[in-house]
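Chains as they are written, first to last, in this note's numbering: chain A, 1 to 333; chain E, 334 to 879. Just so it is clear, CB atoms sit at the ideal spot from N, CA and C, and this is done for glycine as well. Here is the structure we will look at, set down as structure tokens.
Below, the structure written as structure tokens:
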């Protein structure tokens, strides 16, 4: 197979994946029971504690209508919008454009979830190599069970406990928010410092809950790799154990973990809903959650579209980097 | 092990460095002229959207401090309508023409005066743009009479519909700014209103409003009102620490966890909204077209058990649909403060009187048997309350009612279409006629056709006569008479059965600002959704002696 054909096939695959994801994005929300106008009415009634006047109901239904009406026309319009990267206007935040909402939350999500995903991966994978290299050793027999325990603690509980202990009792960290709102937003030292200060608790709790998965995966892969002949050979050749551990065992054991990491990076744009709720952190997770609840189709579509694209992109990157890490993939291609 | 220790140490160092950095800033000085409202139910960020007439559920919060309506609803006085930006609102004898005198001396925050033209423009906005009729206006035309007078016409007597002029969704807008805008795209980023505050600065996690010194109503003791997003849990900690002065939060353990810590400054207040959660019968289909069945089921709702589960003792709803705390002067004496206890014997007598028996958990009459279901909104945690009711019906009457929890939006659709036996709804509205308008025969639709308000399909000539009376007069004596007729109908015929009252839950830390109203003694409610009430609340606060 020539390089060109290979590339064309990959691109065809990604195009098909984008199309089907985009179509599902459109269909699934509309196949769910309920619709935006009913959700808005319900929310307004909940907030006011009273039933709405009949004219209000009419006016809301006139504006947002019954979206189960002509699905075909809606789909064509939607495809056109997606092609122009026009995400439309939010319903919950009418008439704010979806792109405004996304840009308001996305940088914070990328910052928090992006950095914690990388840190959790590095810590987990690093410790996993050490644990797996001497499986059954002192380090392994303490850290591995402890990690299993830690990762089975529900995240929201860790987060609430962290908030209570370090935020409320000790008062080291603020109780809510992503930055000091009294400072002007921008790239300046006081603001950056406040972002760090406000970010410590959310980030630490995420890393605390997430590194365990990487550690266990890496440890178990390392355990099987260290039994391989080539590791024994390397050791027999008299190479330093450190070099064998990192260059021979870890490099091979890391492949599955790395795939997982690439996909996790793709999922970063989905945000960390529980973190955002517990710490009132600005981000995209809550936006998505609230849009789902209130059937805000344009926002749901916009965010899902973004997630789809990043996951596919991450997939592409993983595919490529895999080839670098593992020569066997290159040869087969 | 060492790496992990290193990480923990690094975090600690960073933490101390940061918290030290945070403390060095002068927080006290900035806080002294500021009141902080912690918003617990608006998500984690705000969007700069001051398009106040749009139907978004997530506009910028607290716009009621910037835009004001013509009138307010006084919840300390039977939910009656009092003028606000209007000097007076008066109907002619027939009730089809309302004359509005515009308050003089009111200025928008850009310095221009509020004129009759602005009022005409604002009131016509929902007529010209029916999609933006969030206030649910019912008048037909608006005309300017002179520089300070506006006439509003109704097709039928509108005495009881004057409450629409108190809706925060019908604010008075500056014509010269709004007439040029497309409401479908404009987010009104720099709002100009008549209200006591202007937008000082906007960040996604903090809105800072500054008190005007040229507000028509008077001066404010604070300079800034800050609105910050928080979660219910963090919000409670912030209230305890005094970082937040004012919040809305239904806090089940507030007495022990909050008030008891400092009863002088930690206030937890419940104000009745005038609304209630009620069980609605589908009166268009058997067996609930029979009053005996409705009475029997209503008599065996364990209301006290439900409010105990809700952690809100004493909030059982009375039988009339009018909440005591708001409508005490309007209630018949025998219904005042009445709590309906479970009456199993009475309920059995009712079933017998209607010729009903219960066999195998089913309601049976003339060889036909019915297995009713009760639908409710599962998003609001109603399942456990429905269970309490179902268990009570089983143990008192032997009747097996099936629970049918549904997500809110689905539930609402089935209610509109009349596809239910028993269902849970929010009842109540502004004023007595607002509460009972859901029973109007003209709003009833056959099952399968969407009804907007009369979800229970109630048709009753006596009800329609009393409602027509309520709508057709402004005479308080006669209004009370019709209101009492409606009470008797609801208690006797049971088209719906109220279960527990709705409240605004206000949590206050009065360490910095004192002079808050209390539910025992108030003439305005410290609830931000009621704009003029919040204005009066803030204006009458005093800086606490530190």
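Checking contacts by CB at 8 Å: is residue i closer than that to chain E?
{"i": "residue 72 of chain A", "result": "no"}
{"i": "residue 228 of chain A", "result": "no"}
{"i": "residue 93 of chain A", "result": "yes"}
{"i": "residue 217 of chain A", "result": "no"}
{"i": "residue 84 of chain A", "result": "no"}
{"i": "residue 55 of chain A", "result": "yes"}
{"i": "residue 43 of chain A", "result": "yes"}
{"i": "residue 276 of chain A", "result": "yes"}
{"i": "residue 187 of chain A", "result": "no"}
{"i": "residue 162 of chain A", "result": "no"}
{"i": "residue 16 of chain A", "result": "no"}
{"i": "residue 5 of chain A", "result": "no"}
State the start and end residues of the unbroken alpha helix (DSSP H) segment that holds residue i.
{"i": "residue 729 of chain E", "result": "716-730"}
{"i": "residue 759 of chain E", "result": "Per DSSP, residue 759 of chain E belongs to no alpha helix (DSSP H); it is in the beta strand (DSSP E), 755-760."}
{"i": "residue 769 of chain E", "result": "764-769"}
{"i": "residue 230 of chain A", "result": "229-236"}
{"i": "residue 681 of chain E", "result": "677-686"}
{"i": "residue 582 of chain E", "result": "Segment: none, residue 582 of chain E is in no alpha helix (DSSP H) and carries neither H nor E."}
{"i": "residue 629 of chain E", "result": "624-632"}
Please report whether the beta-carbon of residue i lies at a distance below 8 Å from any beta-carbon of chain A.
{"i": "residue 737 of chain E", "result": "no"}
{"i": "residue 746 of chain E", "result": "yes"}
{"i": "residue 361 of chain E", "result": "Reliability of the predicted coordinates at residue 361 of chain E is poor, the pLDDT of 37 falling under 50, and the value obtained from them is presented with this limitation in mind. No - not a single Cβ of chain A is within 8 Å of the one on residue 361 of chain E."}
{"i": "residue 588 of chain E", "result": "no"}
{"i": "residue 561 of chain E", "result": "yes"}
{"i": "residue 519 of chain E", "result": "yes"}
{"i": "residue 564 of chain E", "result": "yes"}
{"i": "residue 817 of chain E", "result": "no"}
{"i": "residue 873 of chain E", "result": "no"}
{"i": "residue 785 of chain E", "result": "yes"}
{"i": "residue 616 of chain E", "result": "no"}
{"i": "residue 538 of chain E", "result": "yes"}
{"i": "residue 514 of chain E", "result": "no"}
{"i": "residue 866 of chain E", "result": "no"}
{"i": "residue 437 of chain E", "result": "no"}
For residue i versus residue j, is the C-beta distance shorter than 8 Å?
{"i": "residue 578 of chain E", "j": "residue 369 of chain E", "result": "yes"}
{"i": "residue 555 of chain E", "j": "residue 760 of chain E", "result": "no"}
{"i": "residue 275 of chain A", "j": "residue 252 of chain A", "result": "no"}
{"i": "residue 114 of chain A", "j": "residue 213 of chain A", "result": "no"}
{"i": "residue 819 of chain E", "j": "residue 799 of chain E", "result": "yes"}
{"i": "residue 294 of chain E", "j": "residue 765 of chain E", "result": "Only positions 334 to 879 of chain E appear in this structure, which leaves residue 294 of chain E out of reach."}
{"i": "residue 306 of chain A", "j": "residue 102 of chain A", "result": "yes"}
{"i": "residue 757 of chain E", "j": "residue 709 of chain E", "result": "yes"}
{"i": "residue 722 of chain E", "j": "residue 635 of chain E", "result": "yes"}
{"i": "residue 129 of chain A", "j": "residue 222 of chain A", "result": "yes"}
{"i": "residue 37 of chain A", "j": "residue 296 of chain A", "result": "no"}
{"i": "residue 160 of chain A", "j": "residue 374 of chain E", "result": "no"}
Tell me which residue opens and which closes the beta strand (DSSP E) that residue i is part of.
{"i": "residue 607 of chain E", "result": "599-614"}
{"i": "residue 884 of chain E", "result": "Past the edges of chain E, shown from 334 to 879, lies residue 884 of chain E, and the structure says nothing about it."}
{"i": "residue 407 of chain E", "result": "404-407"}
{"i": "residue 840 of chain E", "result": "829-842"}
{"i": "residue 557 of chain E", "result": "557-562"}
Original post:
Which residue spans inside the segment 418-467 of chain E form an unbroken alpha helix (DSSP H) run of at least 4?
Top reply: For the segment 418-467 of chain E, whole alpha helix (DSSP H) runs of length 4 or above, ordered along the chain, are 449-461.
**OP:** Identify every run of the alpha helix (DSSP H) within the segment 471-544 of chain E, keeping only runs that are complete inside it and at least 4 residues long; order them along the chain.
**Re:** For the alpha helix (DSSP H) assignment, the uninterrupted runs of no fewer than 4 residues enclosed by the segment 471-544 of chain E are, from N- to C-terminal side, 508-511.
Original post:
Taking one C-beta from the segment 258-274 of chain A and one from the segment 234-243 of chain A each time, how about it: are there three or more such pairs within less than 8 Å?
Top reply: Not touching, per the Cβ criterion.
Original post:
Taking one C-beta from the segment 476-486 of chain E and one from the segment 440-451 of chain E each time, how about it: are there three or more such pairs within less than 8 Å?
Top reply: Below 8 Å, enough C-beta pairs join the segment 476-486 of chain E and the segment 440-451 of chain E to call them touching: three or more.
Original post:
Quick one: any contact between the segment 383-403 of chain E and the segment 515-525 of chain E, if contact means 3 or more CB pairs under 8 Å?
Top reply: Yes, they touch.
Subject >> Touch test, the segment 666-684 of chain E against the segment 614-631 of chain E, Cβ-Cβ under 8 Å, three pairs minimum >> reply: Contact holds: three or more Cβ-Cβ distances are below 8 Å.
Original post:
Taking three-plus beta-carbon pairs below 8 Å as touching, is the segment 835-849 of chain E in contact with the segment 595-604 of chain E?
Top reply: The segment 835-849 of chain E vs the segment 595-604 of chain E: in contact.
Subject >> Given 8 Å, three or more beta-carbon pairs between the segment 739-747 of chain E and the segment 653-671 of chain E >> reply: Contact between the segment 739-747 of chain E and the segment 653-671 of chain E is absent, because fewer than three Cβ pairs lie under 8 Å.
Original post:
Does the segment 272-288 of chain A come close enough to the segment 296-306 of chain A to have 3 or more Cβ pairs within less than 8 Å?
Top reply: Enough Cβ pairs lie closer than 8 Å, so yes.
**OP:** Report the residue ranges of all alpha helix (DSSP H) runs contained in full by the segment 285-329 of chain A; include only those spanning at least 4 residues, in chain order.
**Re:** Runs of alpha helix (DSSP H) with 4 or more residues, each lying fully within the segment 285-329 of chain A, are found at 297-325, listed in chain order.
Original post:
Does the pairing of the segment 641-649 of chain E with the segment 778-789 of chain E give three or more beta-carbon distances under 8 Å?
Top reply: Cβ pair count under 8 Å is below three, so no.
Original post:
How do the segment 529-543 of chain E and the segment 498-506 of chain E stand: do at least 3 beta-carbon pairs fall below 8 Å, yes or no?
Top reply: Judged by Cβ distances under 8 Å, the segment 529-543 of chain E makes no contact with the segment 498-506 of chain E, as fewer than three pairs qualify.
**OP:** Check whether the segment 175-191 of chain A touches the segment 127-142 of chain A, taking contact to mean three or more Cβ pairs, one atom from each stretch, closer than 8 Å.
**Re:** No, because fewer than three Cβ pairs between the segment 175-191 of chain A and the segment 127-142 of chain A fall closer than 8 Å, the two stretches do not touch.
Original post:
Quick one: complete beta strand (DSSP E) runs, 3+ long, within the segment 72-110 of chain A?
Top reply: Qualifying beta strand (DSSP E) stretches: none in this window.
Original post:
When the Cβ atoms of the segment 152-167 of chain A are set against those of the segment 198-214 of chain A, are three or more pairs found closer than 8 Å?
Top reply: These segments touch.
Subject >> Touch test, the segment 401-414 of chain E against the segment 586-596 of chain E, Cβ-Cβ under 8 Å, three pairs minimum >> reply: With a cut-off of 8 Å, the segment 586-596 of chain E and the segment 401-414 of chain E do not count as touching, because too few Cβ pairs lie within range.
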